[in-house]
Each structure stands twice: as C-alpha cells, then as structure tokens.
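**Student:** One structure is given below, represented as structure tokens, and several questions about it will come after.
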Amino acid sequence: MGINTQIEVTDLHKSFGKNEVLKGITTKFEKGDVVCIIGPSGSGKSTFLRALNGLETATSGDIIIDGFNLTDKNTNLNLVRQNVGMVFQHFNLFPNMTVLQNITYAPIELKKLSKDDANEKAMQLLETVGLVDKKDAMPEMLSGGQKQRVAIARALAMNPDVMLFDEPTSALDPEMVGDVLAVMQKLAEEGMTMLIVTHEMGFARKVANRVIFTDGGVILEDGTPEELFDNPKHPRLQDFLSKVL
Ligand code: ADP
Ligand code: MG
C-alpha cells in the first residue's frame with residue numbers, strides 16, 4: 001500500500017445466494033479523498049459500502065483499511081468499525097435516547113470516555129452541525145434533516161478516519177437537503193476521508209475530488225467530476241446521466 005492509501009479493495013466479490021452483486025471491485029482510496037459513488041439502483045452501491053464497514057462479509061477478495069484486512073478472520077471488526085463512521089439513508093438513531101445520548105453512547109461504551117468528556121465532545125459536534133438547542137430532544141421530535149445531522153455528529157463522535165455515507169439525503173424533504181450537504185461539505189474541507197453514495201450530482205461536482213460510476217456490480221468509470229460529468233465515456237454512464245441530470 002502507498003503511504004497515503006487508506007483503503008485498498010482488491011477483486012471484491014459478494015453474492016447473496018445465487019445473486020452475485022459485486023463482481024470484482026478493485027480500487028484504492030487515499031487519505032483525504034472525497035469520493036462520490038453514483039450508479040443505478042440495485043447496482044451494489046450499498047453492499048459495497050456495507051462491506052467496507054464489515055456489515056457485509058465479502059464472498060472473496062480483500063479489503064484493507066488502515067492496514068487491517070477486513071476479510072482476515074483474525075481482524076477485530078469492532079475495532080476497525082470504530083474508525084469507520086457510517087451514515088445511513090434512514091438515520092438509524094436510537095429512538096429511546098435523547099440527541100445527546102445518541103451521540104455519547106458509543107464513545108462511553110466502546111471508547112470508555114467519561115460522561116463529562118463525551119458530553120463536551122458531543123456539544124462541540126452539535127455546534128458543528130447546528131443543533132446545540134436540540135441536545136435534549138428525542139429523535140421523533142426532529143425533522144429528517146435534523147435527524148441526519150445528529151446521525152453525522154454521532155458517527156463523528158468516535159473520531160473516525162473515514163466516513164461512509166449511503167444516500168444521506170435521499171429520504172429528506174427537498175428543503176432539508178441543503179443543510180445536510182453543507183455539513184458534509186464542511187467535513188470534506190476539513191480533510192475527512194469520505195465515500196458518499198449519492199444522487200446529488202451538484203454536490204458531487206462541487207465537493208468530490210473523484211467520482212465512481214458503478215453498474216452491474218463493477219466499476220465502469222472512475223475519474224474527476226469533470227471527466228465523468230462533462231465527458232462520460234461509457235454508454236451506460238451517458239444513459240444514466242441523461243436520466244438524472
Ligand atoms: P444499490 O445500493 O446500488 O441500490 P444494493 O447494494 O442495495 O444496491 O443491492 C444490490 C443487490 O443486492 C440487489 O439486487 C439487492 O436485492 C441485493 N441485496 C442487497 N442486500 C441483500 C441481502 N441482505 N440479502 C439478499 N440480497 C440482497
Ligand atoms: Mg443503496
């Protein structure tokens with residue numbers, strides 16, 4: 001691995017029964033990369049992200065994150081996961097905990113932070129995502145956009161080296177999308193390594209340094225936003241863009 005390589009994926013395959021969803025993905029992500037992954041529904045984007053977080057077990061191939069091979073049975077997946085934050089389309093907040101408790105739960109339980117330290121860090125993160133005044137609210141009282149910003153703060157509370165986002169704005173009302181994307185853009189500008197499955201092509205063009213187009217379980221095109229959006233080479237990417245842009 002190169003010195004700046006943070007994630008190295010080699011010939012990754014994943015099947016569910018007879019359904020081969022990932023058909024040989026090979027790619028690398030460097031520290032500070034902001035990569036948007038685009039592609040049609042069902043093309044394996046979520047499966048790929050989930051594999052990077054150990055939520056799906058690869059059928060074959062290698063995933064090395066920060067030097068740990070996720071596909072090696074001896075790797076402690078829980079430790080790797082602590083360094084890889086994940087944000088889901090449907091937020092997945094703990095419904096029975098306040099906003100503050102949602103954010104401090106894992107740092108206290110897994111990182112053994114004191115409650116005071118965890119609270120202090122959580123308040124800083126709530127400042128970052130603009131939700132200090134919601135610290136004692138229950139998730140059900142929040143809008144979708146607010147829930148997603150809490151979910152981002154919760155993931156950041158573990159000090160991850162990498163953040164994975166799986167369609168973080170797809171479940172939001174249009175007027176909520178901008179606030180969430182603004183938080184993600186700030187994170188990108190601060191140098192966080194981010195892999196983002198998204199249909200927000202404007203965001204991808206503006207914030208990503210690299211865009212990957214997947215279809216049928218393989219990477220069909222990989223390049224700068226300008227290369228993919230202004231000069232798409234693969235007919236399937238051209239077709240995809242004609243539908244979403
Ligand atoms: P995308 O995120 O690009 O829409 P997914 O990775 O969610 O695609 O799904 C790709 C394919 O894998 C789909 O055909 C889906 O039905 C299948 N799939 C995903 N997760 C599972 C699972 N847990 N069990 C069985 N099939 C699954
Ligand atoms: Mg998906």
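Be aware that the sequence shown starts at 1, since it is given in the UniProt record's numbering, and climbs by one per residue.
From the three backbone atoms N, C-alpha and C, an ideal C-beta is built for every residue, glycine too.
All values derive from a computational prediction rather than experimental measurement.
1. Secondary structure at GLY144, three-state DSSP: helix, strand or coil?
2. Comparing alpha-carbon positions, which option in LYS28, VAL34, LYS23, ILE219 lies nearest MET184?
3. Hey, how far is the Cα of GLY61 from the Cα of PRO40?
4. Please name the residue, chosen from VAL207, GLY217, ASP239, that lies closest to ASN19 on a Cα-to-Cα basis.
5. Give the single residue among LEU241, LYS31, ILE37 whose Cα lies nearest to the Cα of ASP66.
6. Among MET163, GLY145, ILE37, whose alpha-carbon lies nearest the alpha-carbon of VAL197?
7. For LEU156 and GLY85, what's the separation of their Cα atoms in angstroms?
8. Quick one, what's near ligand 1 if you take every residue whose CB is closer than 5 angstroms to any heavy atom, in chain order?
9. Touching or not, the region 130-146 and the region 69-89, by the rule of three or more beta carbon pairs under 8 angstroms?
10. Mind reading off the beta-carbon distance from ARG210 to GLY191? Whole number of angstroms is fine, and I expect it under 8 angstroms.
11. Provide the residue(s) that pair with ARG210 in DSSP beta bridges, ordered along the chain.
12. Where does ASP179 land, buried or exposed, given buried means 16+ other C-beta within 10 angstroms?
13. Please indicate yes or no: does the CB of GLU200 lie closer than 7 angstroms to some heavy atom of ligand 2?
14. Scan the region 176-233 and note each continuous beta strand (DSSP E) run of 3 residues or more that stays entirely inside, going in chain order.
15. Determine contact between the region 160-178 and the region 14-28, defined as no fewer than three beta-carbon pairs at a distance below 8 angstroms.
16. Pick out the complete beta strand (DSSP E) segments inside the region 73-110, 3 residues or longer, and give them in chain order.
17. Looking at the unbroken beta strand (DSSP E) that takes in LEU52, where does it start and where does it end?
18. Any heavy atom of ligand 2 within a distance shorter than 7 angstroms of the CB on GLU175?
19. Return yes when at least one heavy atom of ligand 2 lies under 7 angstroms from the C-beta of GLU167, else no.
**Tutor:** So, from the listed chains and residues:
1. helix
2. VAL34
3. 23 angstroms
4. GLY217
5. LYS31
6. Ranking MET163, GLY145, ILE37 by Cα distance to VAL197 puts ILE37 first.
7. 7 angstroms
8. Residues with a Cβ closer than 5 angstroms to any heavy atom of ligand 1, in chain order: PHE16, VAL21, SER41, GLY42, SER43, GLY44, LYS45, SER46, THR47.
9. no
10. With a Cβ gap of about 15 angstroms, ARG210 and GLY191 do not count as contacting.
11. VAL35
12. Flag for ASP179 reads buried.
13. no
14. 193-197, 210-215, 218-223
15. In short, these stretches do not touch, since the Cβ pair count stays below three.
16. 84-87
17. Unbroken run through LEU52 is the alpha helix (DSSP H), 45-52; no beta strand (DSSP E).
18. no
19. Yes, Cβ of GLU167 sits closer than 7 angstroms to a heavy atom of ligand 2.
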